[in-house]
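Notes follow once the structure below has been shown.
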Amino acid sequence: MANKVSIPSKIFGTVLAHSMRGKMLSRTELQTLAESRDVEELVTRMKNTIYLDALAKLTKPYTAEKVEGALREHLVNTHAKMVTLSGGAGVLNAYFVKYITWNLKIILKGKALGRTYEELLPKINLRAEELVGRRDLVVKALVAKDFDEAVASLQGSEFGEDARKAAAVYKEKGDVRAFDTYLDHAFYKSLDKSMFSESPLQDVQKLVTVDIDAYNVLAVLRAKYWGLSAQETSDLIATTTTKISRDTLQKMINVEKIQEAIGELSNTAYRDLIPKSAENDIDAIMQLEEGFERASVRRIMASYRTVFTLGNMLATLKLMMLEIRNLAAIAAGVEQKIPVDKIMASMAKTTVQ
20 MANKVSIPSK IFGTVLAHSM RGKMLSRTEL QTLAESRDVE ELVTRMKNTI
70 YLDALAKLTK PYTAEKVEGA LREHLVNTHA KMVTLSGGAG VLNAYFVKYI
120 TWNLKIILKG KALGRTYEEL LPKINLRAEE LVGRRDLVVK ALVAKDFDEA
170 VASLQGSEFG EDARKAAAVY KEKGDVRAFD TYLDHAFYKS LDKSMFSESP
220 LQDVQKLVTV DIDAYNVLAV LRAKYWGLSA QETSDLIATT TTKISRDTLQ
270 KMINVEKIQE AIGELSNTAY RDLIPKSAEN DIDAIMQLEE GFERASVRRI
320 MASYRTVFTL GNMLATLKLM MLEIRNLAAI AAGVEQKIPV DKIMASMAKT
370 TVQ
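20 is the number of the first residue of the sequence shown in the numbering used here; add one for each residue after it.
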């Protein structure tokens, strides 16, 4: 059964979504923030933006980590408000899982690299888990004495099998990005279920399709880079869309070289994203990832042409996720005294205004 969003809720939710979109920071405002001399000055400047309340609880000394944690909590609270306004729309609920996978990625990568509980704790914000009653899941992994115990703690949850496979790839290949790919697989499986229940919502589908396509293509390419078998690679494919069919993904799996696999996109709607010049396979994959991100932002902006839709709410949440990622990058850059032009270059592809 599709979730029916009541008309008043939809109107109130989309008005809020449009209002929030209108308050998002321009590139000039982001540049001003990046020009801060230190994190304390950055926090002072950010208090002149919509993030005033989000930063109100921060205590000195300010750090980039504390700023990011406060911003993520604000994002989670805003997302929860949207879910309530939408009457519990499945697709908005499904995107909530992203915050849980975010924490699990930090924990598993950290444990794999020998980080202690004390080192990892400040990086974790459990607000999302508290809202959906999943706090124990993340805490068990966080307090585990080592990497293997953290992975084992997830068995029995929807992340268990993917965490186990990611651990095996990491142990063999030494690439922590395995955790990104495999935990995203768990997320897209849950997203698929919600999309099935809300399939008539075309405005939502357009936004979600680009995410699924990006995940599938990049998962196949990374699996090729790691030298996984055809079956292991195929197992990473979540669900497929009409834009990039399972047949196309299978052709990508079957060819030998990564560049050849990317070439298979020439027969899809994403042919324009194929990198024109890449130094090596990893560079090609990263260029493609940035291309998909730009395509996602274009799709988000186009979704506002139709008003009073669930898509407006999802689009605004996705923009907010990007903005907060940019602000976290600014905070880290300011703290590490990275030149302003370098900080700004790192987010050139994803600024939303």
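C-beta atoms are modelled at their ideal positions from N, C-alpha and C, and glycine is treated no differently.
For the pair E177 and E54, the Cα-to-Cα distance works out to about 43 Å. Three or more Cβ pairs closer than 8 Å define a contact, and the stretch 321 to 329 meets that threshold against the stretch 220 to 236.
If you keep only unbroken alpha helix (DSSP H) runs of at least 4 residues inside the stretch 252 to 328, you get 265 to 273, 277 to 282 and 300 to 322. In this structure, DSSP gives N331 a helical state, which the three-state scheme calls helix.
In the structure shown, the three-state DSSP call for N96 is helix. A residue is called buried once 16 or more other Cβ atoms fall within 10 Å of its Cβ, and T200 is buried on that count. K243 and A280 do touch by the CB rule: their CB atoms are close to 6 Å apart, below 8 Å. If you compare the alpha carbons of Q355, G352, K337 and I362 with that of F115, the shortest gap goes to K337. Between the alpha carbons of A36 and M332 lies a distance of about 5 Å.
In terms of Cα proximity to L61, the closest of G193, L237 and I349 is I349. By alpha-carbon distance to I293, the top candidate from D300, D302, N299 and G282 is G282. In the three-state scheme derived from DSSP, where H, G and I count as helix and E and B as strand, K192 is classed as helix.
Per DSSP, A160 is one residue of the alpha helix (DSSP H) stretching across R154 to V162. Judged by DSSP secondary structure, K225 falls within the alpha helix (DSSP H) whose first and last residues are Q221 to W245. Comparing C-alpha distances from A171 to each of L127, L132 and G193 shows the shortest one belongs to L127.
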